[in-house]
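Residue numbers (full-length UniProt numbering): 1 to 153.
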């Protein structure tokens, strides 16, 4: 088990530097509390269990056979698809997600931090923080896609 500490932001995709090697991610939610999800990233798969929370959560992640993950994804309609990029800046890894399907054109960035109080410099392409806005949590986007929102800010 590890503790996950991350902050999430909306971004201005036009200001992003050139991104290389996207990974196709499909994740499906099997339970909301605790959050249990199956994820397929390219040809790898994992099962993740997360406690509820916004900034800090306990996370248990286990690699599983790809065929098992695909079978688990068939069991749920609560899915999110995205193209994921990784960018390292100033010692921090940023995860940039271009959501697909009903969550398009949403683009977010997450930065994982070693401590809740860690300081980091926001790149110019980082906009409004949405860490504490539950609508932007992936499990929420699976249930209520971005395209269905009236107020998108």
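Every residue gets a Cβ at the ideal spot worked out from N, C-alpha and C, and that includes glycine.
Can you list, in chain order, the residues of its chain whose CB lies under 7 Å from that of residue i, leaving out five sequence neighbours each side?
i: residue 85; result: 19, 22, 96
i: residue 46; result: 39, 61, 62, 63, 64
i: residue 43; result: 66
i: residue 132; result: 54
i: residue 13; result: 107
i: residue 119; result: none
i: residue 153; result: none
i: residue 142; result: 29, 78, 79, 80
Got a sec? Which residues, its chain only, sit under 8 Å from residue i by beta carbon, not counting five neighbours each side?
i: residue 34; result: 49, 50, 51, 52
i: residue 148; result: 102
i: residue 1; result: 58, 59, 60
i: residue 114; result: 5
i: residue 3; result: 56, 57, 58, 59
i: residue 128; result: 9, 10, 153
Are there 16 or more other CB atoms within 10 angstroms of the CB of residue i, so buried, or fewer, so exposed?
i: residue 69; result: buried
i: residue 78; result: buried
i: residue 123; result: buried
i: residue 81; result: buried
i: residue 134; result: exposed
Is the distance from the Cβ of residue i to the Cβ of residue j below 8 Å?
i: residue 60; j: residue 83; result: no
i: residue 29; j: residue 88; result: no
i: residue 93; j: residue 116; result: no
i: residue 144; j: residue 32; result: no
i: residue 73; j: residue 26; result: yes
For the putative contact between residue i and residue j, defined by C-beta atoms under 8 Å, what is the C-beta separation to the nearest angstrom?
i: residue 55; j: residue 5; result: 6 Å
i: residue 8; j: residue 126; result: The Cβ separation is near 10 Å, so there is no contact.
i: residue 146; j: residue 103; result: 4 Å
Output needed for residue i: all residues of its chain with C-beta closer than 6 Å, excluding positions within five of it in sequence on either side, in chain order.
i: residue 90; result: 121
i: residue 164; result: There is no way to answer for residue 164, as the model of the chain reaches only from 1 to 153.
i: residue 16; result: 125
For a minimum of 3 consecutive residues, which ranges assigned as the beta strand (DSSP E) are wholly contained in the region 3 to 37? 23 to 32
Every unbroken beta strand (DSSP E) within the region 99 to 133, with a cutoff of 3 residues, ordered by chain: 107 to 112, 126 to 129
Run through the region 41 to 76 for me and flag every whole beta strand (DSSP E) of 3 or more residues, listed as ranges in chain order. 44 to 50, 56 to 63
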